[in-house]
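Numbering (our numbering), first residue to last: 187 to 254.
Report on the following structure.
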């Protein structure tokens, strides 16, 4: 299985295999004090650059890749 990312430098969509993907979560605190968590997949391109794709928690939980 693979994930499709958008390569900002080359302005095109790229596909990255699961072996090159990790998942991560970003937490931030809003102005009113609540905590917001965003979930993302991070892929490594063949030239060494990283690409990020934000996703839903359901997709994040379903994907069996290492957590960064």
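Beta carbons: idealized from backbone N, C-alpha and C, even for Gly.
In this text the structure is predicted, and so the values were computed from the model without any measurement.
Can you tell me which residues form a DSSP beta bridge with residue i?
i, result
"residue 236", "230"
"residue 198", "193"
"residue 243", "None, per the DSSP bridge assignment."
"residue 214", "222"
To which residues of the same chain is residue i closer than 7 Å at the C-beta, ignoring the five residues directly before and after it?
i, result
"residue 246", "209, 225"
Leaving aside the five residues before and after residue i along the sequence, list all residues of the same chain whose C-beta is less than 6 Å from its C-beta, in chain order.
i, result
"residue 223", "211, 213"
"residue 203", "188"
Could you pull out every residue in the same chain whose Cβ sits closer than 8 Å to the Cβ of residue i, ignoring the five residues on either side in sequence?
i, result
"residue 236", "228, 229, 230"
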